[in-house]
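Undergrad: If you scroll down you'll find the structure; I have some questions about it.
In this note's numbering, the protein residues as written are -11 to 84.
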């Protein structure tokens, strides 16, 4: 992976990303953190996913950017049409 990780991406982390991932895991990225790191490394915030795709635990991960493999991109939101609204009728309010 050469670019920045984006919210919604699902990535697979193996030993190529860090030695801590002897057992590969999949993570849904929340955001890439802008913490100071060594060149080529990055902190990311995300949810570890179960084999069924459900979130197991929220994790902060320190990984080598080149070792991160993107499995899927976030879906593009469907274009929406503006909602037609009718004007509000304003009438005087009697108090007292």
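We put the beta carbon where it would ideally sit given N, CA and C, even for glycine.
Remember, predicted model here, so these are calculated numbers, not experimental data.
Taking the DSSP output, what are the residues bridged to residue 20?
TA: In the DSSP output, where bridge partners are listed per residue, residue 20 has 32.
Undergrad: Return helix, strand or coil for residue 74, following the three-state DSSP convention.
TA: In this structure, residue 74 counts as coil in the three-state DSSP scheme.
Undergrad: Should residue 16 and residue -2 be called a contact, given that it needs their Cβ atoms to be closer than 8 Å?
TA: Yes, they are a contact pair.
Undergrad: Which residues mark the beginning and the end of the beta strand (DSSP E) in which residue 50 is found?
TA: Residue 50 -> beta strand (DSSP E) spans 43 to 52.
Undergrad: How many Å lie between residue 71 and residue 24 at the Cα?
TA: Whole-angstrom Cα-Cα distance: 44 Å.
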